[in-house]
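S.K.:
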Amino acid sequence: MNKDNKLLHFTLGPVQGFVSQARRTRDLWSGSFLLSYLSGQAMRAVLDGGGKVIFPEVGDQPSITDPLLAAIMGHPLSGNENPQTGSLPNRFKAEVPDDFDPKRCRDAVQSRWQEIADVVWERYVVLVAGHGKGTKEIWERQVESFWEMGWVLGEDPGDRSDQRWLDLRKNWRTHHPPAEPGDKCTLMGSWQEISGYVRARECKSQEEFWDALRRKSGELNLGEHERLCAIALIKRLFPGVAEDAIGWKLEAGTWPSTPYMAAVPWIEEAYEKPEAKEYLCILEEGDRLSWAFGEYNTKLPCLEKAGRFARLDGNLFHKTALDNERAMPELSAQKREKLLDVLSKLNRAVGHPASPFYALLLMDGDRLGSLLQHDQIDPKDVSRALARFTEGVDEIVGEHCGRTVYAGGDDVLALLPLDRALSAAEKLRERFLKSFDAVLGGRRPKGEDGEPLRTTISAGLVFAHYNTTLRSVMREAHRLLDEVAKDRNGRDSLAASVLTGSGRTVEWVSGWEESPGGPLITRHLQNLASSFDEQFAGRFFYNVRERFGVLTGEDDHTLIPGLDAEKLLVAEYLKNREREGDREAAEAVIEQLLKVCRERRGGEPANEKTLNVSGAMLVRFLATKGRGVER
Amino acid sequence: MRYYLLEPLDTLFFRDGSPFNAGETGQMEVLGTFPPSPTTVVGALRAAFARRLGWQYGDWSEDIKKKLGDGADLGPLRFSGPYVAKDGEPLFPVPLHLLRSGRTLVFLRPGEAALSTDIGEGRLPEISTRTKGLKPLEKAYLTRRGMEKALRGEIPDPEDVFEASELWSGENRVGIQRDPDSHTTREDALYQTTHVRLKKGVALAAGVEGYDGEAPGLLTLGGESRMANLKPCELSLPEAPSLEPGGGGLRYTATLITPARIRDEGWRKPGGALPGLPGRVVSACVGKPVLIGGWDTEKKKPLPLEPYLPPGSTWFMEAEAAEPDEVEEMHTRHIGDKREWGYGQILIGGWR
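So the sequence lines, in the order shown, correspond to chains A and B. Residues 18 to 648 (our numbering) make up the first sequence, in order. Residues 202 to 553 (our numbering) make up the second sequence, in order.
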């Protein structure tokens, strides 16, 4: 480092307050992308000011290696000219010239954000604003005061303690949003909706304002009951004006809805059946139902060959949604009946209906801060390993027929079909470990426990019913990752839960490996899920929960001393099988089942004295895929 | 000041600020908050006092207004709290400069070296140990004894710390709206709320000055007209340590125990000032703002949702050596907006 240079640590937020408050999957993606894009503006200010970004690894000028930052700098990478995924984290470390003023970063973010807001305003809101009550004032107040930015600048202390600067700064929270009067946004509940009317007294004027804006932006962009603040509206509408706002097109229309993502495994099995063609014919005959082909191309690799059937609106794959007149009001009663009839036939041909559950996966490297502060690890190696990890995320998620919402730094957020989520999590972890192995190789210093320092990652995996609000699914994913996997289970762990409309029904956590260096626990889960048929799984696991829940303590999962859980479970298994199965096969299954029912902290072997029935309940859920038997 | 315990007879429900309109899908989930804001508790107490004074419905009579004020004007009334109480003893939000990992508790203190930051040049709070996993106790409470130790700059005993989960739990409720004529459920009228159920012996407590009437007994508290029993109690706030001026002047901490709205900017920068408190801000541990709103019954519109500094926020102050009395005088006083409602109550402590 040049001795006249200084170190700058910069952060932009709120992350969860902006990204997680989403109603649709594309809101999640759009929020992550915008945040990442704006963080890139702050990085650009550093580069333009003669500085260098040290963390994350983004390459040097003129050969920037991060696709998003390269596009922001006006020199997009060939083959990725229009980056579609956020890849830049919301905090970074840079080396800047002595006279660099960090306000340049703040100003760059704010002015770019203002420009994006202006494009959305001009395209959609300006003509309607006159019908509102103070709409422009509300818009300006919110756009101006939303982002929270902080930085610390100083000379290199030489002992890595600068890695803590932003954490120290965060002990003193100084950003306060403005006071927000009136009715609040239906997406971001602490901001005023921009019509400015109060529903209790001025319901009609409020409806008129939003109807007008809905006509302007399209029903698909603004739902029937949605009344948004400036921030949520920008998040929702900016993909449509991206070319003007940021200089390249964003493919917002390719985002699969949650009912669609839930139906993916079923679509794969269904699209070639004659009934699928019959189903399509009904939708295509007579009046054109443009909404019916709402998911015009979700670009999911596993559905490439499924043609027009895979372009149907996600609701059309689920009987309960099709049954609900309010979900598809345009459908005539006659057509609905015909569709329901063919859908039943199609379900019979496939052997089962589509599952209503999809998966949301959130992953995050463990103790990255300590790693960066470790005196025997070069922080550049950490950046390099993370860049290598991030590079591979989208491919892995794609191979599992999912969509990457965000992949940058040590974070991943992805939507996946239920049946491939565990495998995707496992592969992403493998990629993370290999990335660090490739960079650190045999040069791993010893940690505080005297063992070679481990670089691990934890995951929160939510299996959510497609009707659950995305906000609660995101909240659950963060809770699983931060509180359950990291804090409670000591990191290097995977926590999973099942979320239905009425709340959480299963919560399970385990270290990734059966014992240190042993087989992956996710494999056992997947093997078990495929070894139980739906009907048997329902019956057997209920009995397990009923009978075995009482054999452990109330608050922990310690088994009553001297109890042989394996023998009891084998007996239960055989009893349920009604003499169909042989004892040896039963013992093999139960042995595997017990592996997912033991308490196991990250990086440690299982505690053999425990039995946590939630592991069995997760297997049951995976085996039945939550189809109609989830309670 | 006379203190009262508000003992719930059932679960309680205090809504957060998110929209909650009938018939809107995606809006069916409403999160609850706890403890409630001073405004909510003051509202419940005033309504209960007014009932005791003979009010049934409609506008208050002039006689009641003289005793209880009118709308935003509290007349002769002054409130403090609400506090969370356990077995009749008050608990206080843990100062945010106290961190915990397992059973280890550690204080953050202003760092030795000043750093250049977006809020100016200042000494940010840091810890001297390398203990892993230290986190602020944002959802925890201290007993009076624990708080007195913390104010003296001593580490409280782990037994004096109560996690929120030891004091109350959330309870999801699913509700439907019924059509009174057909006795069937209405379309699209399913909703979910999160109530709180206080653990045995846990209650809210509040102080009242200026009302000499009898305690009204039962009152409704929060959403869905849940009932609580109001009864007089004895309650003592923690005592302040005696402050000793040192070489650099008088160093003290100011910790909020109820939310505060402070309009001037001093709280957010090194070298700034806090209203009514002598000296300058050296450093601070301040949490994310809490948003407090409500409903204006008269004008039939929401009250503005305003950001407040959260309880537990602590400032490290430095004043002239000659001012200990002036500082100690501020112990348990209120600063910022709506002080008479109970907002902005502070405790004074020491730091070195």
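Where a beta carbon is used, it is the ideal one built from N, C-alpha and C, also for glycine.
From the DSSP output, in three-state form, read off B/Y453 for me.
M.R.: As a working mapping, residue 453 of chain B is identified with position 252 in the second sequence. The answer is strand: DSSP assigns B/Y453 an E or B state.
S.K.: Give the list of continuous beta strand (DSSP E) stretches no shorter than 3 residues that lie fully inside the stretch 462-511 of chain B.
M.R.: For the stretch 462-511 of chain B, whole beta strand (DSSP E) runs of length 3 or above, ordered along the chain, are 481-486, 491-497, 502-509.
S.K.: Apart from the five residues just before and just after A/L306, which ones in its own chain have a Cβ nearer than 7 angstroms to its Cβ?
M.R.: Taking the first residue of the first sequence as 1, we reach residue 306 of chain A at position 289. Within the same chain, A/L306 has close Cβ partners L300, E347.
S.K.: Taking the alpha carbon of A/C220 as the point to measure from, which residue in A/H242, A/V515, A/E260, A/W208 has its own alpha carbon closest?
M.R.: Working through the first sequence from its first residue, we reach residue 220 of chain A at position 203. Of the listed residues, the one whose Cα sits closest to A/C220 is A/H242.
S.K.: Got a sec? Which residues, its chain only, sit under 6 angstroms from B/V487 by beta carbon, not counting five neighbours each side?
M.R.: Your numbering for residue 487 of chain B matches position 286 in the second sequence. So the qualifying residues of the chain are S514.
S.K.: Quick one: which unbroken beta strand (DSSP E) runs of 3-plus residues sit fully inside the stretch 459-501 of chain A? Chain order, please.
M.R.: Within the stretch 459-501 of chain A, the complete beta strand (DSSP E) runs of at least 3 residues are 474-482.
S.K.: State the DSSP-derived secondary structure class of A/E260, mapped to helix, strand or coil.
M.R.: Within the first sequence, the letter at position 243 stands for residue 260 of chain A. Of the three classes helix, strand and coil, the one that applies to A/E260 here is helix, per DSSP.
S.K.: Report the residue from A/L611, A/I155, A/E604, A/E601 whose alpha carbon sits nearest the alpha carbon of A/L576.
M.R.: Taking the first residue of the first sequence as position 1, residue 576 of chain A is located at position 559. The option with the nearest alpha carbon to A/L576 is A/L611.
S.K.: Return no unless some Cβ of chain A is closer than 8 angstroms to the Cβ of B/I536.
M.R.: Mapped onto the second sequence, residue 536 of chain B falls at position 335. Closer than 8 angstroms: no.
S.K.: State yes or no: is the beta carbon of B/R485 nearer than 8 angstroms to at least one beta carbon in chain A?
M.R.: For the purposes of this step, residue 485 of chain B is taken as the residue at position 284 of the second sequence. According to the sequence as given, residue 485 of chain B is Ala; it is not Arg. Chain A contact via Cβ: present.
S.K.: With a threshold of 8 angstroms between beta-carbons, can A/F109 be considered close to chain B, or not?
M.R.: Here residue 109 of chain A corresponds to residue number 92 of the first sequence, with the count starting at 1. So no, A/F109 is outside the interface.
S.K.: Compute the beta-carbon to beta-carbon distance between B/R452 and B/G551, rounded to the nearest angstrom, for a pair I have assumed lies under 8 angstroms.
M.R.: Position 251 of the second sequence, counted from the start, is the residue given in the question as residue 452 of chain B. Position 350 of the second sequence, counted from the start, is the residue given in the question as residue 551 of chain B. Indeed they touch by this definition, with Cβ atoms about 7 angstroms apart.
S.K.: Can you grab the Cα-Cα spacing for the pair A/A402 / A/P396, in whole Å?
M.R.: As a working note, residue 402 of chain A is residue 385 in the first sequence. As a working note, residue 396 of chain A is residue 379 in the first sequence. Approximately 10 angstroms between the Cα atoms of the pair.
S.K.: If you draw a straight line from the C-alpha of A/Q127 to the C-alpha of A/E289, how long is it?
M.R.: As a position in the first sequence, residue 127 of chain A is number 110, starting the count at 1. As a position in the first sequence, residue 289 of chain A is number 272, starting the count at 1. Their Cα atoms are separated by approximately 51 angstroms.
S.K.: Which two residues bound the contiguous alpha helix (DSSP H) that contains A/I71?
M.R.: Along the first sequence, one-based indexing puts residue 71 of chain A at 54. Counting along the chain, A/I71 falls outside any alpha helix (DSSP H), though it belongs to the beta strand (DSSP E) covering 69-72.
S.K.: Nearest-angstrom Cα distance between B/T226 and A/A376?
M.R.: Along the second sequence, one-based indexing puts residue 226 of chain B at 25. Along the first sequence, one-based indexing puts residue 376 of chain A at 359. A caution first: B/T226 carries a pLDDT of 47, below 50, which makes its placement in the model unreliable, though a value can still be read off. Each residue's alpha carbon lies about 22 angstroms from the other.
S.K.: Please confirm whether A/D200 has its beta-carbon closer than 8 angstroms to some beta-carbon of chain B.
M.R.: Counting from 1 along the first sequence, the entry for residue 200 of chain A is found at position 183. Taking Cβ atoms only, chain B reaches closer than 8 angstroms to A/D200, which makes this a yes.
S.K.: Just by C-beta distance, which residues in the stretch 432-463 of chain B are closer than 8 angstroms to chain A?
M.R.: Answer in chain order: no residues at all.
S.K.: Per DSSP, which one or two residues make a beta bridge with A/R420?
M.R.: Counting from 1 along the first sequence, the entry for residue 420 of chain A is found at position 403. According to DSSP, which records beta bridges pairwise, A/R420 is partnered with A/L432.
S.K.: Let me see if you follow: with CB-CB separation under 8 angstroms, is B/G319 close to chain A or not?
M.R.: Here residue 319 of chain B is taken as the residue at index 118 of the second sequence, counted from 1. Residue 319 of chain B is actually Asp in this sequence, not Gly. Yes, contact with chain A.
S.K.: Please name the residue or residues paired with A/Q131 in a DSSP beta bridge.
M.R.: To locate residue 131 of chain A, count along the first sequence from 1; it is residue 114. Paired residue(s): none; A/Q131 is not in a bridge.
S.K.: In chain B, what lies closer than 7 angstroms to A/W168 by C-beta?
M.R.: Taking the first sequence and counting its residues from 1, one reaches residue 168 of chain A at position 151. Within chain B, the residues near A/W168 are T318, D319.
S.K.: What does the Cβ neighbour count give for B/P359, buried or exposed, with the cut at 16 atoms within 10 Å?
M.R.: On the second sequence, position 158 is the one that residue 359 of chain B refers to. Counting Cβ neighbours within 10 Å, B/P359 comes out exposed, since fewer than 16 surround it.
S.K.: With a cut-off of 8 angstroms, does the C-beta of A/S7 fall near any C-beta of chain B?
M.R.: As displayed, chain A neither begins before 18 nor continues past 648, which places residue 7 of chain A out of reach and without an answer.
S.K.: Can you tell me whether A/M634 is helix, strand or coil according to DSSP?
M.R.: As a working mapping, residue 634 of chain A is identified with position 617 in the first sequence. In the structure shown, A/M634 sits in a helix (DSSP, three-state: H, G or I).
S.K.: Any idea if A/V18 is buried or exposed, counting beta-carbon neighbours within 10 angstroms, 16 or more meaning buried?
M.R.: Residue mapping note: residue 18 of chain A aligns to position 1 of the first sequence, counting from 1. Checking the sequence, you will find Met at residue 18 of chain A rather than Val. Result: exposed.
S.K.: From A/D173 to A/V70, what does the alpha carbon distance come to, in whole angstroms?
M.R.: As a first step, residue 173 of chain A must be located in the first sequence, where it is residue number 156. As a first step, residue 70 of chain A must be located in the first sequence, where it is residue number 53. In a straight line, the C-alpha of A/D173 is about 15 angstroms away from that of A/V70.
S.K.: Strictly under 8 angstroms for the Cβ-Cβ distance: is B/V375 near chain A by that measure?
M.R.: On the second sequence, position 174 is the one that residue 375 of chain B refers to. True, the Cβ-Cβ gap to chain A drops below 8 angstroms.
S.K.: Between B/P508 and chain A, is the shortest Cβ-Cβ distance under 8 angstroms, so that the two count as touching?
M.R.: Looking up residue 508 of chain B in the second sequence gives position 307. At least one chain A Cβ lies under 8 angstroms of B/P508.
S.K.: Does B/L475 get closer than 8 angstroms to chain A when you measure Cβ to Cβ?
M.R.: Residue numbering aside, residue 475 of chain B sits at position 274 when the second sequence is read from its first letter. So, not an interface residue.
S.K.: Under 7 angstroms Cβ-Cβ, which residues of chain A neighbour B/L492?
M.R.: Within the second sequence, the letter at position 291 stands for residue 492 of chain B. Those are S207, listed as they occur along chain A.
S.K.: Closest to A/R232 by C-alpha separation, out of A/K322, A/P194, A/R140, A/P256, would be which residue?
M.R.: Counted from its first residue, the first sequence places residue 232 of chain A at position 215. Answer by Cα proximity: A/R140.
S.K.: What number of angstroms, rounded off, separates the C-alpha of B/P490 from the C-alpha of A/E210?
M.R.: Within the second sequence, residue 490 of chain B is the residue found at index 289, counting from 1. Within the first sequence, residue 210 of chain A is the residue found at index 193, counting from 1. The alpha-carbon atoms of B/P490 and A/E210 are separated by roughly 21 angstroms.
S.K.: Between the Cα of A/G643 and the Cα atoms of A/L250, A/H482, A/E161, A/T315, which residue gives the shortest distance?
M.R.: By one-based count along the first sequence, residue 643 of chain A stands at place 626. It is A/H482.
S.K.: With DSSP collapsed to three states, give me the class of A/N506.
M.R.: Against the first sequence, residue 506 of chain A aligns to sequence position 489. A/N506: coil per DSSP, three-state reduction.
S.K.: So, is A/K92 buried or exposed, given that buried needs 16 or more other C-beta atoms within 10 angstroms?
M.R.: To locate residue 92 of chain A, count along the first sequence from 1; it is residue 75. Here residue 92 of chain A is His; the residue named in the question, Lys, does not match the sequence. That one is exposed.
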